[in-house]
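Q: Just passing along the structure, written as structure tokens.
Residue numbers (full-length UniProt numbering): 1 to 230.
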């Protein structure tokens, strides 16, 4: 039957003058000429297209192999998309599930999950809360102690600052009085300088006036310095 079909197909191809297509050739599971199969596999590896044959292969089959031999290579089965999705779903099913601690959560969908919450020991939870309470108490005591120490230290520093401020204020008042006295001394010195200048101007005038007077009415020479007795 295969020989008759191949003969009829080759006759049709020779009469039409066109190369045979894969749609016109019936599928077969075995080839008589193994050499043609090896050549076809070699050319298919070079072109990286197992489903289609190159023009060189068709020319080789038409000239080198007999006309009644038909070589057909079926496409390989590609990995199914359903198989890949099935593996992904299996991985998701393998992920462990966790239930919430609160029993009234809407995510509890079965009675088994709700009954599992009854197995939680309240005594252990109470111990955890008591331990946390003790830890907070210790922290508060430590903070309170440090706060008291800092408050006492602040009071001591404030007292020292107040004492230092009072001392500086007292010194400032003393310095103000001394500055006032110094200002008075400067004023007195300026006044004495004016008096000395005026006296120095009056002495020559007094000497002239004394020289004009008669000898019996003349005065003694005027001097500002005291005579030092030896």
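Glycine residues also receive a C-beta, built at the ideal position from the N, C-alpha and C atoms.
All values reported here derive from a predicted model rather than from experimental measurement.
Is it buried or exposed for residue 70, if we count other Cβ within 10 angstroms and need 16 for buried?
A: Residue 70 sits at position 70 when you count from the first residue of the chain shown. With 16 or more other Cβ atoms within 10 Å, it is buried.
Q: Does the segment 160-171 come close enough to the segment 184-195 that 3 or more CB-CB pairs lie under 8 angstroms?
A: Touching, no.
Q: Give the DSSP-derived three-state secondary structure of residue 98 in the structure shown.
A: Taking the first residue of the chain shown as position 1, residue 98 is located at position 98. Residue 98 falls in the coil class under three-state DSSP.
Q: Taking only the alpha-carbon atoms, compute the straight-line gap between residue 151 and residue 97 and give it to the nearest angstrom.
A: To locate residue 151, count along the chain shown from 1; it is residue 151. To locate residue 97, count along the chain shown from 1; it is residue 97. Computed Cα separation, rounded: 54 angstroms.
Q: From this set, 195, 218, 126, which residue's C-alpha is nearest residue 210's C-alpha?
A: Residue numbering aside, residue 210 sits at position 210 when the chain shown is read from its first letter. Among 195, 218, 126, the Cα nearest to that of residue 210 is on 218.
Q: Can you give me the C-alpha to C-alpha distance between residue 215 and residue 194, rounded to a whole angstrom?
A: Looking up residue 215 in the chain shown gives position 215. Looking up residue 194 in the chain shown gives position 194. About 33 angstroms.
Q: To the nearest angstrom, report how far apart residue 183 and residue 212 are at their CA atoms.
A: In the chain shown, counting from the first residue as 1, residue 183 sits at position 183. In the chain shown, counting from the first residue as 1, residue 212 sits at position 212. For residue 183 and residue 212, the distance between alpha carbons rounds to 44 angstroms.
Q: For residue 134 and residue 122, I'd like the C-alpha separation in whole angstroms.
A: Numbered from its first residue, the chain shown carries residue 134 at position 134. Numbered from its first residue, the chain shown carries residue 122 at position 122. Straight-line Cα distance between these residues: approximately 18 angstroms.
Q: So what's residue 220 in DSSP terms, helix, strand or just coil?
A: Translated into the one-based positions of the chain shown, residue 220 becomes position 220. In the structure shown, residue 220 sits in coil (DSSP, three-state: anything other than H, G, I, E or B).
Q: Look at the alpha carbon of residue 199 and the alpha carbon of residue 180, and state the distance between them as a whole number of angstroms.
A: For the purposes of this step, residue 199 is identified with residue 199 of the chain shown, where counting begins at 1. For the purposes of this step, residue 180 is identified with residue 180 of the chain shown, where counting begins at 1. Approximately 29 angstroms, taken between the alpha carbons.
Q: Specify, as a first and last residue, the run of the alpha helix (DSSP H) that residue 185 falls within.
A: Within the chain shown, residue 185 is the residue found at index 185, counting from 1. Its alpha helix (DSSP H) spans residues 122-212.
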